[in-house]
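See structure below.
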Amino acid sequence: MLSIVEQNRQQLSKNTEISRKSRFGQYLTPERVASFMAGLFPNGKGHCFLLDAGAGIGSLSASFMERWRSGDLNFESVEVDAFEIDQALHPYLLNTFERFDHNGKFATHIYRDDFITASVETLTNGHISNSKWYTHAILNPPYKKINSNSAHRLALRRVGIETVNLYSAFVALAVALSKKGGQIVAIIPRSFCNGPYYRPFREFIFNRTAIQNLHLFESRKKAFKDDQVLQENIIIRLEVGGKQGPVTVSTSTDDTFSDLSTHEYPFERIVSLDDQERFIHVPTSPEKNTIESSQAIHYSLNDLGINVSTGPVVDFRLKAHLRDMPGPGNVPLLYPIHFSNKTTAWPIKGMKKPNAIERNADTEKWLYPSGFYCVVRRFSSKEEKHRIVASVAEPRAFGDVPLLGFENHLNLFHENKRGLPERLARGLAVFLNTTAVDEHFRRFNGHTQVNATDLKLMKYPSRESLIQLGEWAMQHKEINQAEIDAKLENLAR
Ligand SMILES: C[S@@+](CC[C@H](N)C(=O)[O-])C[C@H]1O[C@@H](n2cnc3c(N)ncnc32)[C@H](O)[C@@H]1O
0 MLSIVEQNRQ
10 QLSKNTEISR
20 KSRFGQYLTP
30 ERVASFMAGL
40 FPNGKGHCFL
50 LDAGAGIGSL
60 SASFMERWRS
70 GDLNFESVEV
80 DAFEIDQALH
90 PYLLNTFERF
100 DHNGKFATHI
110 YRDDFITASV
120 ETLTNGHISN
130 SKWYTHAILN
140 PPYKKINSNS
150 AHRLALRRVG
160 IETVNLYSAF
170 VALAVALSKK
180 GGQIVAIIPR
190 SFCNGPYYRP
200 FREFIFNRTA
210 IQNLHLFESR
220 KKAFKDDQVL
230 QENIIIRLEV
240 GGKQGPVTVS
250 TSTDDTFSDL
260 STHEYPFERI
270 VSLDDQERFI
280 HVPTSPEKNT
290 IESSQAIHYS
300 LNDLGINVST
310 GPVVDFRLKA
320 HLRDMPGPGN
330 VPLLYPIHFS
340 NKTTAWPIKG
350 MKKPNAIERN
360 ADTEKWLYPS
370 GFYCVVRRFS
380 SKEEKHRIVA
390 SVAEPRAFGD
400 VPLLGFENHL
410 NLFHENKRGL
420 PERLARGLAV
430 FLNTTAVDEH
440 FRRFNGHTQV
450 NATDLKLMKY
460 PSRESLIQLG
470 EWAMQHKEIN
480 QAEIDAKLEN
490 LAR
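Anchor point for the sequence shown: position 144 equals 143 in numbering that gives the first Met the number 0, and the numbering is continuous, going up by one each time.
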């Protein structure tokens, strides 16, 4: 039978308007996920001081308490600090806690303060007594962008936390408010694992904690299905002040955990030693993938003398200069749609977007000389099997034009802002379209966006090998996925 907390959660998630859910980031944790999270804490002793920040109706604390009450965890007493900004949830929260009255061995404090403001206050006023540091934290924080000049951003900066989303702010504050040895279990979007914006947050975590567990739900929709959350979520356990050792990585398709699979990995498999961006990879099987294990695929773009950039033409900023169709004085403006089916089709009549951009003093600096470029879409569509979809922009398709405009939804590979030799451009596209590259990419990128930084951090075959791949592609009119993959396997050996 469902517990009262779970019944309340199901009711609320059905009855809360979407606007309220999104205003407060109110996606409550299903019981099975909450129990799994509570199960990740190692046994302790003495007094446990648990933080539940953004507590909702207390589902996470309840799972923790259930585990303690069943005789596990070994604490003598438990005290919970629950922060919940939405007062409408307080009666439920109170109700959840009342069920765990434990002969004076259990105490709770419910705060309706904004967790960020209150924590920054605590951390800066210097009055935090030893008994006030948390020994444990269990979190499903709200997800919402923090704007650059917002009160939250400025408050966080006062305690040395530089971050772009409420969820990473909550985790960083929980770390800052914990004792050495403190255990933090959180369910958060996977977006912090890569990308430049989360780099300060990753550094913060690496400098102050050891990552002990990572759990990945392989289906995007399944962890919060009642709330239709499409984020890819990850559960992480951190030990504050811990020494980083191997990391236990588990995966399951969904929140039934019926196909739970668990492996231990050396930390170097999670964060590469030579990766300056410090991306977090989540390996889904112990075998190294082709890209990781191949001696032949270890060149950086820098080694190859190639650059990758985001298409510099931001169409809404240059609106006055855009033209539906080519004409005198303008040059092609290229969008992902011009490269569907891996061939270049330009111009496209009746397209909603413009096909061309005026060449003038305002636009010239955003344009590239005509030539061969390997292009990769920044956003893949749902129908596409691969996240990385690469094509070649070939000058023949555009007639006799001096310059090309690449729109912001494309990434492009170039050599110092000029085109690449044709064979190299084609070889790069073949390599990037392999299944091995796509699989590798998914280990560190949980969303559908492909950024230039992601492409910059990947390892590539040598320039010669890429040119050979390009030659091979040019000799065959049509090549299918199996042939591309077999070619890479050969090269990787
Ligand atoms: C994603 S929900 C998770 C709730 C609960 N932890 C759970 O797992 O079911 C996040 C909660 O944080 C609350 N919240 C949002 N912003 C907050 C803030 N600045 N301070 C405290 N709570 C906040 C929301 O109202 C919401 O209930």
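Beta carbons are placed, not taken as given, at the ideal position from N, Cα and C, and that holds for glycine.
Check, Outcome
"Helix, strand or coil at Tyr142 [DSSP, three-state]", "coil"
"Beta-carbon proximity of Leu303 to Arg462, cut-off 8 Å", "yes"
"Spatial neighbours of Ile204 in its chain, beta-carbon cut-off 8 Å, leaving aside the 5 residues before and after", "Val170, Ala171, Val174, Ile210, Leu237"
"Asn139: CB within 7 Å of a non-hydrogen atom of ligand 1", "yes"
"Under the three-state DSSP convention, the category Gly418 falls into", "coil"
"Ala295 in three-state terms, based on DSSP", "coil"
"From Asn359, Asp399, Phe40, Ser308, residue whose alpha carbon lies closest to that of Leu138", "Phe40"
"Identified DSSP bridge partners for Thr107", "Val79"
"Same chain, Cβ closer than 7 Å to Pro265, five either side skipped, listed in chain order", "Pro245"
"Buried/exposed call for Ala125, threshold 16 Cβ in 10 Å", "Note that residue 125 is Gly in the sequence shown here, rather than Ala. Looking at its Cβ environment, which holds fewer than 16 other Cβ atoms inside 10 Å, Gly125 is exposed."
"Heavy atom of ligand 1 within 7 Å of Gly55 beta-carbon", "yes"
"C-beta neighbour in chain D for Phe96, strict 8 Å", "No chain D is present in this structure, which holds just one protein chain."
"For Lys178, the nearest candidate out of Thr208, Tyr166, Tyr133, Gln275 (CA to CA)", "Tyr133"
"Nearest residue (CA-CA) to Gln480, options Gln182, Thr452, Thr433", "Thr433"
"Burial state of Val281, where buried means 16 or more other Cβ atoms lie within 10 Å", "buried"
"Chain-order list of residues whose beta-carbon lies under 6 Å from that of Ser60 (same chain, five-residue window excluded)", "Asp51, Val79"
"Proximity test, Glu65 beta-carbon vs ligand 3 heavy atom, cut-off 7 Å", "No copy of ligand 3 occurs in the structure displayed; its ligands are ligand 1 alone."
"Cβ shell of Ala295 (< 8 Å), same chain only, five flanking positions each side left out", "Pro460, Ser461, Ser464, Leu490, Ala491, Arg492"
"Stretch-stretch touch, CB-based, cutoff 8 Å, three pairs: the stretch 350-362 with the stretch 318-336", "yes"
"Extent of the continuous beta strand (DSSP E) run through Gly469", "No beta strand (DSSP E) contains Gly469, which is instead part of the alpha helix (DSSP H) from 462-474."
"Continuous alpha helix (DSSP H) assignments of at least 4 residues falling wholly in the stretch 367-420", "none"
"heavy atom of ligand 1 below 7 Å from Glu267 C-beta", "no"
"Candidates Leu366, Tyr110, Asp323: closest to Gly349 by CA position", "Asp323"
"Rounded separation between Ile290 and Asn7 - CA only", "47 Å"
"Residue burial classification, Val313 (beta-carbon count within 10 angstroms, cutoff 16)", "exposed"
"Under the three-state DSSP convention, the category Ser62 falls into", "helix"
"Member of Gly43, Cys47, Phe99 whose CA lies at the smallest distance from the CA of Val4", "Phe99"
"Residue of Asn212, Asp258, Phe216 minimising C-alpha distance to Thr247", "Asn212"
"Runs of alpha helix (DSSP H) lying entirely within the stretch 168-221, each at least 4 residues, in chain order", "198-207"
"Sub-8 Å separation of Leu317 and Tyr367 beta-carbons", "no"
"Test item: CB-CB of Val119 and Val158 under 8 Å", "yes"
"Integer Cβ distance of His151 from Ile160, believed to fall under 8 Å", "With 8 Å as the limit, His151 and Ile160 do not qualify as a contact, their Cβ atoms being about 10 Å apart."
"Leu487 to Ile466 span [Cα, whole Å]", "13 Å"
"Ser34 CB to nearest heavy atom of ligand 1 below 7 Å", "no"
"DSSP beta-bridge partners of Tyr459", "Tyr298"
"Thr107 Cβ short of 7 Å to ligand 1 heavy atom set", "no"
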